[in-house]
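Visitor: So the sequence lines, in the order shown, correspond to chains A and B.
If you want my numbering, it's the 1-based position in the first sequence plus 143.
If you want my numbering, it's the 1-based position in the second sequence plus 1.
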Amino acid sequence: DAGITQSPRHKVTETGTPVTLRCHQTENHRYMYWYRQDPGHGLRLIHYSYGVKDTDKGEVSDGYSVSRSKTEDFLLTLESATSSQTSVYFCAIDGASGTPDTQYFGPGTRLTVL
Amino acid sequence: AQRVTQPEKLLSVFKGAPVELKCNYSYSGSPELFWYVQYSRQRLQLLLRHISRESIKGFTADLNKGETSFHLKKPFAQEEDSAMYYCALSGQSTRLGGGADGLTFGKGTHLIIQP
């Protein structure tokens with residue numbers, strides 16, 4: 144499973160509450176990604192990181208921020224959660240050098256915003 | 002802009018029948034195409050990437066640049082093939098030094114294999 148873990152695995156929170164999801168990798172890979180998965184939309188890229196302190200926005204970045212202070216951890220923060228952010232969130236890392244665009248996924252975090 | 006289209010939300014076939022999951026893409030450069038599979042409530046797993054031309058679990062996919070398609074095929078479906086299948090595209094990085102800017106996914110096809 145490519146050494147990727149996510150925490151928490153499940154979370155229920157209330158509208159307006161800040162939420163932070165954590166992705167941890169043991170592979171020492173450079174690229175990390177956050178996606179959200181919604182029925183009828185597939186997976187959509189939220190933010191990604193191409194190194195420590197280097198991040199960029201994806202397709203659906205509004206309402207989300209990220210941080211990467213060390214190679215192994217990539218944090219996704221919802222500053223003020225809304226019901227539209229109820230989703231399953233997947234973290235991914237890139238493949239080994241030579242296959243940077245092949246991605247391996249974490250187990251997901253199911254977030255419910257009431 | 003890059004786009005991936007999977008026209009079938011749901012595909013139901015009988016065990017032993019051939020399976021074809023369609024994927025079309027829109028991209029101006031030379032894309033990398035992938036198929037990912039997600040079994041019930043599990044993480045996504047890489048099934049195929051076009052550049053490796055492998056056959057995994059009996060599935061194959063051929064990139065057709067003329068038709069901008071990357072359909073997934075299997076000659077004889079098995080019950081354990083029931084899952085969500087996602088086609089994905091990786092475009093060329095906009096950054097110096099290359100790397101991967103993230104995948105663009107289709108909306109997925111739910112494949113059900115009936116006994």
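Where is the CB? At the ideal position from N, CA and C, for every residue including glycine.
8 Å is my cut-off, CB to CB: does residue 246(A) come that close to chain B?
Guide: Stepping through the first sequence from its first residue, residue 246(A) is reached at position 103. Nearest CB-CB separation between residue 246(A) and chain B: below the 8 Å threshold.
Visitor: For chain B, find out if any of its Cβ atoms is closer than 8 Å to the Cβ of residue 188(A); answer yes or no.
Guide: Counting from one through the first sequence, the residue named residue 188(A) turns up at place 45. Interface residue, yes.
Visitor: If we define contact as Cβ-Cβ less than 8 Å, is residue 250(A) a contact residue for chain B?
Guide: Here residue 250(A) corresponds to residue number 107 of the first sequence, with the count starting at 1. Chain B, which has a Cβ nearer than 8 Å to the Cβ of residue 250(A), makes this yes.
Visitor: Measuring only between beta-carbons, confirm whether residue 233(A) sits less than 8 Å from chain B.
Guide: Here residue 233(A) refers to the residue found at position 90 when the first sequence is read from its first residue. Interface residue, yes.
Visitor: What residues of chain A sit near residue 87(B), judged by a beta carbon separation below 9 Å?
Guide: Locating residue 87(B) in the second sequence gives position 86, where the first residue counts as 1. Near residue 87(B) (Cβ distances below 9 Å), the residues of chain A are 185, 186.
Visitor: Going by other Cβ atoms of all chains shown within 10 Å of its Cβ, with 16 needed for buried, is residue 246(A) buried or exposed?
Guide: Walking along the first sequence from the start, residue 246(A) turns up at place 103. Under this definition residue 246(A) is a buried residue.
Visitor: Go through its chain and collect everything with a Cβ distance to residue 168(A)'s Cβ below 6 Å, but skip five positions before and after it.
Guide: What you label residue 168(A) is simply residue 25 of the first sequence in a count that begins at 1. Same-chain partners within the cutoff: 146, 147, 215, 236.
Visitor: Interface residues of chain B around residue 201(A) at Cβ under 7 Å?
Guide: Within the first sequence, the letter at position 58 stands for residue 201(A). Residues of chain B passing the Cβ test: 103.
Visitor: Indicate the three-state DSSP secondary structure (helix, strand or coil) for residue 31(B) in the structure shown.
Guide: Stepping through the second sequence from its first residue, residue 31(B) is reached at position 30. Of the three classes helix, strand and coil, the one that applies to residue 31(B) here is coil, per DSSP.
Visitor: Give me the subset of the region 42-59 of chain B whose CB atoms are less than 7 Å from a CB atom of chain A, sorted by chain position.
Guide: 44, 45, 47, 50
Visitor: What is the DSSP secondary structure of residue 46(B), counted as helix, strand or coil?
Guide: Position 45 of the second sequence, counted from the start, is the residue given in the question as residue 46(B). Correct three-state label for residue 46(B): strand.
Visitor: Per DSSP, residue 153(A) forms a beta bridge with which residues?
Guide: The residue labelled residue 153(A) in the question sits at position 10 within the first sequence. Per DSSP, 253(A).
Visitor: Using only the alpha-carbon positions, how far apart do residue 77(B) and residue 183(A) sit?
Guide: Walking along the second sequence from the start, residue 77(B) turns up at place 76. Walking along the first sequence from the start, residue 183(A) turns up at place 40. Near 28 Å, if we compare the C-alpha coordinates of residue 183(A) and residue 77(B).
Visitor: Helix, strand or coil, according to DSSP, for residue 227(A) in the structure here?
Guide: As a first step, residue 227(A) must be located in the first sequence, where it is residue number 84. Of the three classes helix, strand and coil, the one that applies to residue 227(A) here is helix, per DSSP.
Visitor: Could you check whether residue 190(A) and residue 206(A) sit closer than 8 Å to each other, using their CB atoms as the reference points?
Guide: The residue given as residue 206(A) occupies position 63 in the first sequence. The residue given as residue 190(A) occupies position 47 in the first sequence. No, these two residues do not count as a Cβ contact at 8 Å.
Visitor: If I measure Cβ to Cβ from residue 16(B) and keep anything under 7 Å in the same chain, skipping five residues before and after, which residues do I get?
Guide: The residue labelled residue 16(B) in the question sits at position 15 within the second sequence. Cβ neighbours of residue 16(B) beyond the five flanking positions: 78, 79, 80, 114, 115, 116.
Visitor: Run through DSSP, which three-state label would residue 21(B) get?
Guide: Against the second sequence, residue 21(B) aligns to sequence position 20. Residue 21(B) falls in the strand class under three-state DSSP.
Visitor: Going by other Cβ atoms of all chains shown within 10 Å of its Cβ, with 16 needed for buried, is residue 84(B) buried or exposed?
Guide: Looking up residue 84(B) in the second sequence gives position 83. The residue in question, residue 84(B), is buried, as its Cβ has 16 or more Cβ neighbours within 10 Å.
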